[in-house]
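Below you'll find the structure, written out as structure tokens, and then a few comments.
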Amino acid sequence: MSALFLVFLLFSSASGGTNPASSPDPFTAGVSLNIDCGGAANFTSEFGRAWVADRYFSAGATGLVAEPHRFLQQQERTLRFFPPVSAGKKNCYSVPLPSGRYYVRTFTVYDNYDSKLRTPSFDVSFEGTLVYSWRSPWPEAAARSGAYADLIASVLDGAANLCFYSIATDPPVVASVELAAVHPLAYGSASTGTDMILINYGRLTSGGTLFGPGFTNDSDAFSRVWQSDADFRSLDVPIKALSAGGHRIFGANQAPNYFPVKLYETAVTTVNPSDALEYLLPVDTRLDYMVWFHFAEIDSGVTRVGQRVFDVVIGEENATRIDIYKEVGGFNAFKWHHIVENLTSTTLVVKLVPVAGKPIICGLENYAMVPLDLATVPRQVMAMQALKESLRIPDRMGWNGDPCAPSTWDAWEGVTCHHSDNGQNLVVTQLDLGSQGLKGYISDQISLLTNLVSLNLSSNSLGGTLPSGLGQGSLVSLDLSSNQHTGGIPDSLGSSNLKVVLLNNNQLDGQVPEKLYSIGVHGGIIDLSGNKGLCGVPTLPACPLFWDKRGLSTAGKIAIGLSCAFVVIVLLLIYLFCIRRQNDDYDFEFPQDLISIAAKRNRYQRQKLMLVEMEAPNSNGFPSTSNTR
Ligand SMILES: *[C@@H]1O[C@H](CO)[C@@H](O)[C@H](O)[C@H]1NC(C)=O
Ligand SMILES: *[C@@H]1O[C@H](CO)[C@@H](O)[C@H](O)[C@H]1NC(C)=O
Ligand SMILES: *[C@@H]1O[C@H](CO)[C@@H](O)[C@H](O)[C@H]1NC(C)=O
Ligand SMILES: *[C@@H]1O[C@H](CO)[C@@H](O)[C@H](O)[C@H]1NC(C)=O
Ligand SMILES: *[C@@H]1O[C@H](CO)[C@@H](O)[C@H](O)[C@H]1NC(C)=O
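Counted the way mature numbering (1 follows the signal peptide of the UniProt record, and there is no 0) counts, the sequence shown spans residues -16 to -1, 1 to 613.
Structure representation (structure tokens):
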């Protein structure tokens, strides 16, 4: 192993295994953005949070909640909604961000903004993975006062894509979007990997009240908001709230999770020594969960190991035994986390069972671990974006975000996708965009759609030439009929596996590739009628001499080339005969022997020219003779 390689190893491990050449960590750079959806102006909230006017959205319209006085914060009152009729079924906020891990919070609210008294149902995805479902009817409380939701996920492609998908005909609606970079190793990402989204199912402060940036003047390095645990505790167990009472807590606010000190300043414990503290956490049995426990011994009466000991039981599983004092002593933060799999009930019961003294807890977090969904092959995403532009796809078709993902949603309108052969990606297999009033042209990036089986762009107003990459091996059916395509038919179409080729009613001309025509001979369907000047196969006129599918044939080019050469030779002769002779009258300083050679040649040419003039029946017909005077 060379010394250089060792240095590289040291360097890359010091930087957390990330590419040393990459841009600085967005967390240490403090990257964050708060978007007031539907808002027209930038502003700073009463808690010193900077909000920007609505931006980075794909389409939609702005609205205002019906009863603004019910919403304490300005960004909660203005809305962006996406009517599927005009904006399409799928709409996104696509926010340019450096690669990294981010905390993402949305606020969605209905509050009868459209006076229809009909709470909508829609789904939300982040980076192509379904993260939230709000199915109708929303709980009345959420519909009225709105719902905050947050998650932690990686952004690796230069933009955070938060997409909203209309179920049925309801317009999705969103009031605010907040993004803040978090530490790349936060929440155990070193072991769980970056191909996992952590969706908040509860972030509780025990014995405290709601706090966090944007809601109170308290800080949290990740912008996390902590809500009271009161609604999640079992009501059967009487509890006592504790406070650190001004004692300083050590060990909080440290990398990589930066849990706020305030979290450890309150706690709950039981009243009866034999009671277990009990939390009931809502869960989805299809998912695995990561549960974080926050402890600190903030009772100055506990001063030694073994005085307060309890077991943590998650579901049916006795997960660990905790003696905070033994771990960190008094007034020090202590955290522990556990992954819960194979749930059978929609309520996860978490118990702190006393062994010695009463159990105590400062906070609890519960995250669903959602594996990333499959995504469309990146080259095909590029191709689809190029086609969106070149075909001038209207907003109402909702061509936003990933063309195929999330796999549980429909693909972009008119697009059909399948799993790739290796099952690792999604690929575009069919484009059905007939009669959509499209006016652009076909981008040659269409050749990147290497799994495309069927392309139907019939009855639009598409122009331009057919891209030479069209006719990928996968393509079986091609319907470009009734458009305004011009130029020739590319050779690539002849060498494909096409069975159906409808190019009728365009402005195509030139020679039809013979192989393409043979599709019809071999039982396929081909229609080339109604074009401007296609030629060269049976049923079509013969091609004019020197003319093929690209216009001039090779023979034609050779003929033109020869003609040009002929003209050049004639002009050269004229020059030599006439102009050069005239030039002799000027005093050009040629080297002596060159002059003499030229003079000799000129003398000879003059004699020859005189001969020609004498022989020609009409010497005046020779245009350059005037120069010889
Ligand atoms: C809001 O602030 C951003 C910079 O953060 C600026 O680019 C934008 O023009 C501002 N918009 C308005 C409406 O003032
Ligand atoms: C939050 O802090 C700022 C200054 O730091 C202060 O102006 C503001 O009034 C505080 N807001 C509340 C609600 O306490
Ligand atoms: C629970 O598990 C811990 C170790 O994980 C163990 O020390 C303790 O005795 C167990 N408690 C019970 C009641 O079995
Ligand atoms: C959950 O189930 C899977 C497969 O059924 C199994 O491999 C895994 O060990 C289980 N995990 C736990 C914690 O029981
Ligand atoms: C292409 O789509 C049109 C509808 O827009 C349909 O009538 C036609 O049959 C389709 N062509 C093929 C080859 O399926």
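Glycine is no exception: its CB is placed at the ideal position from the N, C-alpha and C atoms.
In this text, all values refer to a predicted model and were calculated from it rather than measured experimentally.
Using the C-alpha atoms, what's the distance from residue j back to residue i?
i, j, result
"Pro8", "Glu281", "37 angstroms"
"Lys342", "Val245", "23 angstroms"
"Val412", "Phe11", "36 angstroms"
"Gln576", "Ala549", "Low local confidence applies: a pLDDT of 46 at Gln576 is under 50, so the model's placement there is unreliable, with the coordinate-based value given in what follows. Each residue's Cα considered, the two are about 33 angstroms apart."
"Asp394", "Ser442", "22 angstroms"
"Lys372", "Leu422", "10 angstroms"
"Gln59", "Asp134", "16 angstroms"
"Asp213", "Gly192", "8 angstroms"
"Ile509", "Gly398", "23 angstroms"
"Ser374", "Tyr273", "44 angstroms"
"Gly14", "Ala37", "20 angstroms"
"residue 624", "Ala34", "Examination of residue 624 is not possible in this model, given that the chain is present from -16 through 613 alone."
"Ala228", "Asp204", "19 angstroms"
"Asn515", "Gly44", "40 angstroms"
"Tyr588", "Ser452", "The predicted position of Tyr588 is uncertain, since its pLDDT is 45 and thus under 50; a value taken from the coordinates is nonetheless stated next. Distance between the alpha carbons of Tyr588 and Ser452: 56 angstroms."
"Gly130", "Ser117", "14 angstroms"
"Gly285", "Ser109", "49 angstroms"
"residue 615", "Asn184", "A question about residue 615 goes unanswered here, because the residues of the chain that appear run from -16 up to 613."
"Val333", "Leu271", "16 angstroms"
"Ala526", "Gly494", "10 angstroms"
"Gly186", "Gly418", "47 angstroms"
In the DSSP output, what is residue i paired with across the bridge?
i, result
"Leu436", "Partner(s): none; Leu436 has no beta bridge."
"Thr92", "Ala131"
"residue 615", "Residue 615 lies beyond the stretch modelled for the chain, which goes from -16 to 613, so this question has no answer here."
"Glu325", "Its beta-bridge partners do not exist; DSSP assigns none."
"Ala340", "Val293"
"Asp204", "Answer is none; Asp204 lacks a bridge partner."
"Asn316", "Phe234"
"Thr46", "Arg64"
"His278", "Lys319 and Gly347"
"Arg187", "Glu349"
"Gly248", "Before going further, note that residue 248 is Tyr rather than Gly in the sequence given. Answer by DSSP bridge pairing: none, since Tyr248 is not bridged."
Report the three-state DSSP secondary structure of residue i (helix, strand or coil).
i, result
"Arg585", "In this prediction, Arg585 has a pLDDT of 49, which is less than 50 and means its spatial position is unreliable; nothing more can be read from the coordinates."
"Ala125", "helix"
"Arg305", "strand"
"Leu415", "strand"
"Asp107", "strand"
"Ile151", "coil"
"Asp268", "coil"
"Gly299", "coil"
"Arg363", "helix"
"Ala214", "helix"
"Arg33", "coil"
"Asn488", "coil"
"Ser78", "strand"
"Thr178", "coil"
"His469", "coil"
"Phe574", "With a pLDDT of 42 at Phe574, under the threshold of 50, the modelled position of that residue is not reliable, and the figure given next carries that caveat. Phe574 falls in the coil class under three-state DSSP."
"Leu450", "coil"
"Arg380", "helix"
"Ser580", "Low confidence applies to Ser580: its pLDDT is 45, below 50, so where it sits in the model is not reliable enough to give any reading."
"Gly421", "coil"
"Ile426", "coil"
"Gly172", "helix"
"Val51", "Reading off the sequence shown, one finds Glu at residue 51, where the question assumed Val. Glu51 falls in the coil class under three-state DSSP."
Count the other CB atoms within 10 Å of the CB of residue i; is the residue buried (16 or more) or exposed (fewer)?
i, result
"residue 615", "Outside the displayed range of the chain (-16 to 613) lies residue 615, so it cannot be described from this structure."
"Ile553", "exposed"
"Lys73", "buried"
"Arg89", "buried"
"Phe294", "buried"
"Val115", "buried"
"Val339", "exposed"
"Ala251", "buried"
"Ser445", "exposed"
"Met381", "buried"
"Ala(-14)", "Residue confidence for Ala(-14) is low, a pLDDT of 41 falling below 50, so the modelled location carries little weight; the figure read from the coordinates is stated next. Answer is exposed; the Cβ neighbour count stays below 16."
"His469", "buried"
"Gly177", "exposed"
Check whether the segment 341 to 357 touches the segment 271 to 287, taking contact to mean three or more Cβ pairs, one atom from each stretch, closer than 8 angstroms. yes
Pairing CB atoms from the segment 230 to 237 with CB atoms from the segment 183 to 200, are three or more of them under 8 angstroms? no
Could you tell me whether the segment 311 to 320 touches the segment 354 to 367, where touching means 3 or more Cβ pairs closer than 8 angstroms? no
Any contact of the segment 384 to 392 with the segment 401 to 419, i.e. 3+ C-beta pairs under 8 angstroms? yes
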